Amino acid sequence: FHTHFNINYQTPSSLACLTLLSPTVQLNNKYIQETTTDEPACLSVCPWCVFVCVCEPHYCAPPNLAKMTEQMTVRGTLKGHSGWVTQIATTPQYPDMILSASRDKSIIMWKLTRDETNYGIPQRSLKGHSHFVSDVVISSDGQFALSGAWDGTLRLWDLTTGATTRQFVGHTKDVLSVAFSADNRQIVSGSRDKTIKLWNTLGVCKYTIQDEGHSEWVSCVRFSPNSSNPIIVSCGWDKMVKVWNLANCKLKTNHIGHTGFLNTVTVSPDGSLCASGGRDGQAMLWDLNEGKHLYTLDSGDTINALCFSPNRYWLCAATGPSIKIWDLEGKIIVDELRQEVISTNSKAEPPQCTSLAWSADGQTLFAGYTDNLIRVWQVTIGTR
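Going by UniProt numbering, the residue at position 314 of the sequence shown is 314; the numbering climbs one at a time, nothing skipped.
Have a look at this one:
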């Protein structure tokens with residue numbers, strides 16, 4: 001329902017409305033055919049400066065009204081794991097499929113049915129790891145998945161067959177995080193052995209980053225999606241966020257400021273920012289181009305996971321049992337999501353949120369928990 005166009009747009013904005021004067025609009029030499037000329041079409045400008053979306057008239061809403069009334073509505077759950085859900089991955093190529101990793105040593109490929117009682121069903125279980133699966137990501141073409149586990153290995157999976165096509169052996173302790181480069185040609189991993197390894201897709205370790213590396217566990221590694229600034233961002237239990245030059249694997253920037261161990265780091269869709277979080281409950285925003293701290297958002301609890309919205313200027317944090325969503329323009333909380341848990345034990349602790357992922361269209365948020373469930377929320381327009 002969206003048509004995308006590349007533009008040079010520097011200021012975050014949500015919506016801009018345009019009344020069509022003719023059935024055809026030209027943007028960057030690409031044309032849109034519009035069936036009516038008397039209704040406004042909507043130009044949606046991605047806040048991450050990646051694209052413009054031209055929507056059908058009935059999607060159009062006044063900019064400030066749409067922003068003020070966007071909220072999250074619970075849509076259902078996914079049941080299938082028998083251990084904590086440690087990571088969730090989505091892909092624009094297959095909007096009806098997601099992957100989830102778990103402490104039950106498996107990865108589940110889900111078919112999304114979007115039923116209220118059961119939002120999706122397990123389509124295939126990817127098995128092979130002999131310990132907790134800590135991370136899973138999907139290649140940009142949607143054909144392969146990459147996982148890391150506490151058995152010290154990485155695995156590359158063919159999602160068509162569900163088979164392991166490569167096993168990556170080299171870390172001496174648990175693998176905590178894995179990532180694909182934007183072109184899928186390189187793989188990075190972080191481990192409890194305090195190293196970061198760079199691999200090719202054949203399972204060959206091309207480089208091990210140790211000089212000026214982390215002095216404690218490497219808890220999260222991510223590539224920047226920006227090919228003009230090829231970097232790796234990592235964080236660890238030494239309270240440090242490190243930015244590495246991918247061309248020579250040398251340290252580019254140390255980001256210092258956290259007072260507790262770090263669990264997660266995430267890079268914005270345009271590659272300009274990263275956010276980090278962990279034990280101190282602070283989500284810190286860093287400018288990757290300037291190499292400096294921007295500001296800090298207090299979540300009030302340990303941050304287990306962070307993710308940027310793909311099409312809104314939002315940052316989401318899995319913080320303790322809840323999810324906080326900040327609007328980064330106003331640095332205000334858009335919504336706080338808490339699940340309803342029915343328990344006969346009044347002293348029972350609520351399940352912790354351990355993983356987050358947005359659908360590619362930015363309309364659906366998937367969250368994994370320590371009660372083995374994935375809960376699903378959707379962006380809706382309502383009144384506050």
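All C-beta atoms in this analysis are idealised placements derived from N, C-alpha and C, irrespective of residue type, glycine included. Quick caveat, the model's predicted, so the values are computed rather than measured.
Comparing alpha-carbon positions, which option in Tyr295, Trp84, Tyr313 and Thr319 lies nearest Ser268? Tyr313
Looking at the structure shown, is Thr69 part of a helix, part of a strand, or coil, going by DSSP? helix
With distances taken between CB atoms, is the gap from Thr77 to Leu356 smaller than 9 Å? no
Counting along the chain, where does the beta strand (DSSP E) carrying Arg166 start and finish? Ala163 to Val169
For residue 388 and Ile332, what's the separation of their Cα atoms in angstroms? Residue 388 lies beyond the range of the chain shown here (1 to 384); nothing can be said about it.
Pick out whichever of Trp244, Lys127 and Ser219 has its Cα sitting closest to the Cα of Ser276. Ser219
Span of the beta strand (DSSP E) around Gln87: Val85 to Thr90
Glu340 versus Thr69 - alpha carbon distance: 23 Å
Runs of beta strand (DSSP E) wholly within the UniProt repeat "WD" (168-200) (minimum 3 residues, chain order): 175-180, 186-191 and 196-200
Inter-residue Cα distance where the pair is His129 and Ile381: 42 Å
Let me check understanding here. Comparing Cα to Cα, which of Ala367, Thr354, Ser106 and Arg75 lies closest to Asp151? Ser106
Would you kindly work out how many angstroms separate the C-alpha atoms of Asp327 and Ile98, rounded to a whole number? 26 Å
Distance cut-off 8 Å: Ala357 Cβ against heavy atoms of the ligand MG: With respect to the ligand MG, the structure offers nothing, as it holds no ligand at all.
Burial state of Gln167, where buried means 16 or more other Cβ atoms lie within 10 Å: exposed
Compare the Cα-Cα distances from Gly213 to each of Arg192, Ser224 and Asp287 and report the closest residue. Arg192
Indicate whether Leu365 and Ile323 have their beta-carbon atoms separated by less than 9 Å. yes
Check Leu273 in the structure and name its three-state DSSP category. strand
Which residues in the same chain have their Cβ closer than 6 Å to the Cβ of Thr91, if we skip the five residues on either side of it in sequence? Ile138 and Gly142
With DSSP as the reference, please indicate the residues paired to Glu336 in a beta bridge. Lys324
Roughly how many angstroms separate the alpha carbons of Lys206 and Glu329, rounded to a whole number? 40 Å
His255: first and last residue of the uninterrupted beta strand (DSSP E) it sits in: Lys250 to His255
Val233 lies in the beta strand (DSSP E); which residues open and close that run? Ile231 to Gly236
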